[in-house]
Amino acid sequence: EDQVTQSPEALRLQEGESSSLNCSYTVSGLRGLFWYRQDPGKGPEFLFTLYSAGEEKEKERLKATLTKKESFLHITAPKPEDSATYLCAVQRNTGFQKLVFGTGTRLLVSP
Amino acid sequence: EAQVTQNPRYLITVTGKKLTVTCSQNMNHEYMSWYRQDPGLGLRQIYYSMNVEVTDKGDVPEGYKVSRKEKRNFPLILESPSPNQTSLYFCASSPREGLYTGELFFGEGSRLTVL
Chain D
2 EDQVTQSPEA
12 LRLQEGESSS
22 LNCSYTVSGL
32 RGLFWYRQDP
42 GKGPEFLFTL
52 YSAGEEKEKE
62 RLKATLTKKE
72 SFLHITAPKP
82 EDSATYLCAV
92 QRNTGFQKLV
102 FGTGTRLLVS
112 P
Chain W
23 EAQVTQNPRY
33 LITVTGKKLT
43 VTCSQNMNHE
53 YMSWYRQDPG
63 LGLRQIYYSM
73 NVEVTDKGDV
83 PEGYKVSRKE
93 KRNFPLILES
103 PSPNQTSLYF
113 CASSPREGLY
123 TGELFFGEGS
133 RLTVL
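Residue numbers (our numbering), protein chains in the order written: chain D, 2 to 112; chain W, 23 to 137.
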């Protein structure tokens with residue numbers, strides 16, 4: 002069974018304090034790994050897609066990386082507006098209509 | 023504005039009283055899906071649809087029905103709601119090619135409480 006585990010559950014940072022969020026996965030034939038951002042009271046918003054080990058994607062202060070067993074979302078010099086829950090999801094080679102999500106990491110960045 | 027619209031956003035109901043949560047998208051997307059989000063369990067897929075009149079079960083379909091009579095609409099039907107269906111529900115859509123990039127567009131959610 003496909004599994005996605007995110008850690009930590011919650012993370013509190015000071016503005017400017019860089020850190021990383023982890024997404025460990027077990028999937029039979031990974032097609033893609035996706036990162037989403039979810040603000041309170043809103044639906045998830047797509048951030049990145051990673052397809053193969055070694056791949057990296059960047060957007061502003063966020064950089065996502067992928068290995069064969071996990072993905073990291075690195076946040077460099079975060080700002081309070083980066084506060085949100087970050088979700089990771091995986092997609093199989095077969096049954097690509099289904100995404101399996103992790104439970105997310107709640108990030109709070111204090112000024 | 024491109025969007026996925028869900029209604030109602032909040033609903034409190036009682037066990038056994040049929041209800042429908044509507045979902046509409048204005049982006050001409052082929053793919054639509056329903057998820058429920060529960061603390062500690064994350065987002066779990068209920069049903070999905072690849073196109074009009076084509077629907078399939080996700081991971082947690084029990085107690086739910088869906089229909090896709092028009093491309094833009096994908097209602098979620100709870101024929102006889104029970105308290106374990108209390109949850110936050112999200113509708114999502116994507117163009118067919120978006121499935122390969124994982125770029126789903128989500129609605130703002132519908133918080134359902136079943137007493």
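Using N, Cα and C, we set each Cβ at its ideal position, and we do this for glycine too.
Can G64/W and G44/D be called in contact, C-beta distance under 8 Å?
Stepping through the second sequence from its first residue, residue 64/W is reached at position 42. Stepping through the first sequence from its first residue, residue 44/D is reached at position 43. The Cβ atoms of G64/W and G44/D do not sit closer than 8 Å to each other.
So is K40/W buried or exposed if we call it buried at 16+ other beta carbons inside 10 Å?
Reading the second sequence from its first residue, position 18 is the one you call residue 40/W. Its Cβ having fewer than 16 others within 10 Å, K40/W is exposed.
Quick one: list the residues of chain W neighbouring P45/D, beta-carbon separation under 7 Å, in chain order.
Stepping through the first sequence from its first residue, residue 45/D is reached at position 44. Result: F128.
With a cut-off of 8 Å, does the C-beta of A90/D fall near any C-beta of chain W?
Counted from its first residue, the first sequence places residue 90/D at position 89. Judged by the 8 Å Cβ criterion, A90/D is in contact with chain W.
Please classify I76/D as buried or exposed, where buried requires at least 16 neighbouring CB atoms within 10 angstroms.
Along the first sequence, one-based indexing puts residue 76/D at 75. Buried, since its Cβ has 16 or more Cβ neighbours within 10 Å.
Three or more C-beta pairs closer than 8 Å, one from the segment 51-64 of chain D and one from the segment 53-62 of chain W: is that the case here?
no
Do we get a CB-CB distance below 8 Å when we pair E23/W with the residues of chain D?
For this step, residue 23/W is matched to residue 1 along the second sequence. Closer than 8 Å: no.
CB L88/D to CB F73/D, shorter than 8 Å?
Position 87 of the first sequence, counted from the first residue, corresponds to residue 88/D. Position 72 of the first sequence, counted from the first residue, corresponds to residue 73/D. No, these two residues do not count as a Cβ contact at 8 Å.
Here's a check: name, in chain order, each residue in its chain whose Cβ is nearer than 6 Å to the Cβ of L126/W, leaving out the five neighbours to either side.
Sequence index remark: in the second sequence, residue 126/W carries index 104 (1-based). So the list reads A114, S116, once near-sequence residues are dropped.
Closer than 8 Å, Cβ to Cβ, to anything on chain D: give me those residues from the segment 108-119 of chain W, in chain order.
F112, A114
Applying a beta-carbon distance threshold of less than 7 Å, which residues of chain W neighbour G103/D?
Translated into the one-based positions of the first sequence, residue 103/D becomes position 102. Neighbours of G103/D on chain W, chain order: G64.
Residues sharing a beta bridge with K79/W, DSSP
Taking the second sequence and counting its residues from 1, the one referred to as residue 79/W is at position 57. According to DSSP, K79/W bridges with Y69/W.
For the segment 68-93 of chain W, which residues have a CB atom closer than 8 Å to at least one CB atom of chain D, in sequence order?
Y70, M72, D78, G80, D81
Do the CB positions of A11/D and W36/D come within less than 8 Å of each other?
Sequence index remark: in the first sequence, residue 11/D carries index 10 (1-based). Sequence index remark: in the first sequence, residue 36/D carries index 35 (1-based). Not closer than 8 Å, so no.
Is there a C-beta anywhere in chain D that falls below 8 Å from the one on L33/W?
Here residue 33/W refers to the residue found at position 11 when the second sequence is read from its first residue. Taking Cβ atoms only, chain D never reaches closer than 8 Å to L33/W, which makes this a no.
With 16 as the cutoff for other CB atoms within 10 Å, does Q107/W come out buried or exposed?
Taking the second sequence and counting its residues from 1, one reaches residue 107/W at position 85. Around the beta carbon of Q107/W, a 10 Å sphere encloses 16 or more other beta carbons of the protein chains shown; the residue is thus reported as buried.
I believe K91/W touches I99/W by the beta-carbon criterion, under 8 Å. Please report the beta-carbon distance rounded to the nearest angstrom.
Here residue 91/W is taken as the residue at index 69 of the second sequence, counted from 1. Here residue 99/W is taken as the residue at index 77 of the second sequence, counted from 1. So it is not a contact: roughly 12 Å between Cβ atoms.
Is the beta carbon of G33/D closer than 8 Å to that of T95/D?
The residue given as residue 95/D occupies position 94 in the first sequence. The residue given as residue 33/D occupies position 32 in the first sequence. If you check the CB distance, T95/D and G33/D do not come in under 8 Å.
Return helix, strand or coil for N106/W, following the three-state DSSP convention.
Reading the second sequence from its first residue, position 84 is the one you call residue 106/W. Of the three classes helix, strand and coil, the one that applies to N106/W here is helix, per DSSP.
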